[in-house]
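Those sequence lines, one after another, are chains H and P. Letter by letter, the first sequence follows residues 1 to 234 in the UniProt record's numbering. Letter by letter, the second sequence follows residues 1 to 268 in the UniProt record's numbering.
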Amino acid sequence: MTDLWDGLSRAFWLVATLDAELSEIALRSLQVSLGALLVGSAIALPLAALLAVRRFRARRAVIAVLNALMGLPPVVVGLVVYVLLSRSGPFGVLGLLFTPTAMVIAQVIIIVPLIASIAHQSLRDLWAEYHDLLISMNVTQTQKIATLLWDARRALLTASLAGFGRAIGEVGAIMIVGGNIDHATRVLTTAIALETGKGDFALALALGFILIALAIFVNLTIHWLGRTEREGRW
Amino acid sequence: MKSVIAALSALVIASSVHAGEVMKMAVTTSFNNSGLADILLPEIQKDLDLEVQLLVVGTGQALKLGRAGDVDAILVHSRKAEDKFIAEGYGPYRREIMYNDFVFIGPKADGAKIADEVTAAGALRKIAEAEAMFVSRGDDSGTHKKELSLWASADLDSDGFGPWYKAVGAGMGASLNTAAGMGAYIMSDRASWLNFGNKGDMALLYAGDPVLFNQYAYLPVSVEKHPHVKAKLAKQLEAWLVSDRAKELIDTYKINGETLFVFNAKQD
């Protein structure tokens, strides 16, 4: 129990004194996970819309697989990305292993199925509503997708934020592909694992509280920028 | 909505710029936990303008990273595995840098009475006889290999042990946490133990047998196997690690007044 209180007060002082090392790893956490969020959304949202408007043979199978992959184990993703990016692997020449880019790649793989599945759910409902109208207007496939994506933007924001939440709290994959290198690939979650290993539970907990606070802050900021939950609109 | 995307993009694109040369070295958890890296790395940065990025892993994984060419050099402590690494041609040679020692940690009450034993093998036999809980790293690390060789030298087969022998498959710190939680015996390198923050009811019970000495060696990764490795930087780092400057820093490094490492590199 005392560890919890120590953790809270350590977290407070780390933030209050703007600890340089903390700022560095917190910023890197943000960069990696927001990068994964952007890339992941850019892939997952159009994919979800395509799945909603297009009818093709393997559609059901693709949706089922996407849903199943929501529970993709990060450690396995990390290992696969590691093997692919390793110098002795197929993409070794790129020299990406143990860089933040490798961490973004791993997180994108983890969150794309999650974002796509949630997004597809809401786009499907919207498509049921819009179907007759859009068909009667004889718009192209691209226009249909664009319309759906724009009109469902609030629901899609939720889908993307769910992906962000999974990315920023994830440790298994980025530990393997990032390597937790000080001043290069150390982020909040890997730092927590490291401090736990050193037996410094108070500092580990402090970092954990800061991670949670950061996630809340990002969500609030994005909602504020997106002007959701305001009077007269939703 | 567009402002959201624009703001996110701006944040992601803003990235840091590196100055000077960079190389990657895989080191063992025990070396990193000792805190010596925090002393040496800034000095290396200052003297050589070389940023050494550490990948902190077990010896098994460190050698694996070297084999795959994902690091430029490794610093580990498992003679047999190192010799194999060199024999397979993944590294041109090994260079001994320094040593520290392993210690036995256990509950203060010392139920198995290992504190008065003369040899490490004797201490382990006591633990096995008492079937006192023992936490093993179980992760193919240098420390784990050392522990297995000690059981063998005590004429005991660790595969045949009962449930009191717990192979946790984790790093030194995590294993110490487990041992502290269960009140079990464990073998640790001295540095990790001294720097460990969650000692609880545990104490250092046995140390001093010469077989417990733990030799660290530096192995550059073969440039013939992996043409992309930064051999020149690895050479520079090696020269620094065996220099008088490193000797002084290593020999004077202390935790709670205790010396941890003894520099024993052969200097040219």
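From the three backbone atoms N, C-alpha and C, an ideal C-beta is built for every residue, glycine too.
Kindly say whether residue i, judged by its beta-carbon, lies nearer than 7 Å to any beta-carbon of chain H.
| i | result |
| --- | --- |
| P/Ser-136 | no |
| P/Phe-85 | no |
| P/Leu-63 | no |
| P/Gly-91 | no |
| P/Asp-70 | yes |
| P/Gly-173 | yes |
| P/Gln-45 | no |
| P/Leu-237 | no |
| P/Ser-3 | yes |
| P/Phe-196 | yes |
| P/Asn-177 | yes |
| P/Leu-124 | no |
| P/Leu-48 | no |
| P/Leu-204 | no |
| P/Gln-53 | yes |
Under three-state DSSP, which class holds residue i?
| i | result |
| --- | --- |
| P/Glu-131 | coil |
| P/Ser-188 | strand |
| P/Arg-95 | strand |
| P/Asn-214 | strand |
| H/Asn-138 | coil |
| H/Thr-17 | coil |
| P/Leu-75 | strand |
| P/Lys-24 | strand |
| H/Ala-187 | For clarity, residue 187 of chain H is Val in the given sequence; the question names Ala instead. Three-state result, H/Val-187: coil. |
| H/Arg-124 | helix |
| P/Met-172 | helix |
| H/Phe-164 | helix |
| P/Phe-161 | coil |
| H/Met-70 | coil |
| P/Val-110 | Residue identity differs from the one stated: residue 110 of chain P is Asp in this sequence, not Val. Coil. |
| H/His-131 | helix |
| P/Val-118 | coil |
| P/Ala-154 | coil |
| H/Asp-182 | coil |
| P/Ser-34 | coil |
| H/Asp-6 | helix |
Rounded C-beta distance between residue i and residue j? I'm assuming under 8 Å.
| i | j | result |
| --- | --- | --- |
| H/Ala-52 | H/Leu-134 | Not confirmed; about 11 Å, so no contact. |
| H/Val-187 | H/Ser-29 | 4 Å |
| P/Leu-55 | P/Lys-24 | 6 Å |
| H/Asp-200 | P/Gly-197 | 4 Å |
| P/Asn-100 | P/Asn-214 | 5 Å |
| H/Pro-113 | H/Leu-66 | 5 Å |
| P/Val-221 | P/Ala-73 | 6 Å |
| H/Ala-106 | H/Ala-173 | 4 Å |
Does the beta carbon of residue i come closer than 7 Å to any beta carbon on chain P?
| i | result |
| --- | --- |
| H/Leu-184 | What sits at residue 184 of chain H in the sequence shown is Ala, not Leu. Output row for H/Ala-184: interface = yes. |
| H/Arg-10 | no |
| H/Lys-144 | no |
| H/Ser-86 | yes |
| H/Gly-169 | no |
| H/Gly-199 | yes |
| H/Ile-63 | no |
| H/Ile-181 | yes |
| H/Leu-225 | yes |
| H/Leu-96 | no |
By DSSP's criteria, residue i is part of a beta bridge. Which residues make up the other side?
| i | result |
| --- | --- |
| residue 273 of chain P | Since the displayed chain P opens at 1 and closes at 268, residue 273 of chain P lies outside it and no answer follows. |
| P/Tyr-90 | DSSP output for P/Tyr-90 lists no bridge partner at all. |
| H/Thr-147 | In the DSSP output, where bridge partners are listed per residue, H/Thr-147 has none listed. |
| P/Glu-258 | P/Ile-255 |
| P/Asn-100 | P/Asn-214 |
| P/Leu-55 | P/Ala-26 |
| P/Ile-105 | P/Ile-186, P/Leu-204 |
| P/Leu-50 | P/Glu-21 |
| P/Leu-219 | P/Ile-74 |
| P/Phe-263 | P/Met-98 |
Taking all protein chains shown into account, do 16 or more other C-beta atoms lie within 10 angstroms of the C-beta of residue i, making it buried, or fewer, making it exposed?
| i | result |
| --- | --- |
| P/Lys-235 | exposed |
| P/Gln-61 | buried |
| residue 278 of chain P | Since the first residue of chain P shown is 1 and the last is 268, residue 278 of chain P is not available in this structure. |
| H/Pro-73 | exposed |
| P/Arg-137 | buried |
| P/Gln-267 | exposed |
| H/Ile-216 | exposed |
| P/Ile-39 | exposed |
| P/Lys-80 | exposed |
| H/Val-32 | buried |
| P/Phe-263 | buried |
Taking 6 Å as the line, does the beta carbon of residue i fall inside it for any heavy atom of the ligand MG?
| i | result |
| --- | --- |
| H/Glu-21 | Ligands displayed in this structure: none; no statement on the ligand MG is therefore possible. |
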